[in-house]
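*Asks:* Be aware that the sequence shown starts at 1, since it is given in my numbering, and climbs by one per residue. The structure's right below; bear with me while I get my questions together.
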Amino acid sequence: MKIKDHFLSQEIFEIKETETQGVYKTTPIPSNISKYYESEDYISHHQDSGSLKEKLYKFLQSFNLRYKKNILVERIQQGSKVLDYGCGAGEFVKYIENDFETFGFEPDADARKAAQGKIAKAKILDDIQKIEDKSLDAITLWHVFEHIDNQDEMLNIFHSKLKEKGLLIIAVPNPTSYDAKHYKEYWAAYDVPRHIYHFSKNGMENLISEKSDWKMRKIKPLILDSYYISMLSEKYKKSPLFWLKASIYGTISNIKASFSNEFSSLIYIIEKR
């Protein structure tokens, strides 16, 4: 499948299935991949632009932050050690820092500086190896895992940092959702080449089942993602009524997913064996 980088470069990339059924990879991956993040509209790294897109993102984010925090609250004790890997500008780290001993890892210097300016208790790191082995109760990756090229290596590192039965919580877009099938090459969550990997629900289950040191515990939806992704997809299609159409197709996607569990984005709760 050929996909255009609608967000920035307008270049064409191809998505091909890997050896793991249901897991796909963008090709080719540019050697200067960091250049494809250099935009004032890249919300993970830039804040307070005042654009309509960002305002909507922030509105949805307020609901998602509580939902994500509750996933932790229901599974680990207050005061447990949590690492938010790829924490961006630190919104989730800030949201949970009073409930857990919180760390954030962020490789981008600008985003890291923005995160440090928000938090009061949490520690923002530029090197995950600064965290002691077998010390963390949970590691979260909110729409980050799809950006990582060396996934096997990182899964091994996450495993070494977690305590026995520690949790790895990964949220990624789902290319077998209704909205992905509807928008096809315009589906915003392909986001090539920034999204290096793409995981269907079965693909992520297959990936984890191949690892003897991890166990899939639960899969949960990110309900609101279908609306935001549909809105961006409609804008890429240059739809004049993108707000209305996004509302319609986002709702249809969630209704269909209530039967199939193929939501626009899924959260995988994985336990260290």
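The C-beta atom is built at its ideal place from N, Cα and C for all residues, glycine as well. Keep in mind the model is a prediction, meaning the values are calculated, not measured.
(1) What do you get for R112, buried or exposed, if any count of 16 or more other CB atoms within 10 angstroms of its CB means buried?
(2) What number of angstroms, rounded off, separates the C-alpha of P173 from the C-alpha of W187?
(3) Can you have a look at T102 and say buried or exposed, based on whether 16 or more other CB atoms are within 10 angstroms of its CB?
(4) Would you give the residue range spanned by the beta strand (DSSP E) that M216 belongs to?
(5) With DSSP run on the structure shown, which of helix, strand or coil describes G86?
(6) For F63, count neighbouring C-beta atoms within 10 Å of its own C-beta (all shown protein chains included) and say buried if the count is 16 or more, exposed if not.
(7) According to DSSP, which residues form a beta bridge with T26?
(8) For E213, I'd like the list of residues in its chain whose CB is within less than 8 angstroms of its CB, leaving aside the five on either flank, ordered along the chain.
(9) Using 10 angstroms around the beta-carbon of D126, count the other beta-carbons present and answer buried if the total reaches 16, otherwise exposed.
(10) Any idea which residues DSSP pairs G104 with across the strands?
(11) Can you tell which of M1, F7, K2 has the C-alpha that lies nearest to the C-alpha of K238?
*Replies:* By the coordinates alone:
(1) buried
(2) 10 angstroms
(3) buried
(4) 214–221
(5) coil
(6) exposed
(7) I15
(8) Looking at the sequence provided, one finds Asp at residue 213 rather than Glu. Answer for D213: H159, K272, R273, listed in chain order.
(9) exposed
(10) D84, I124
(11) F7
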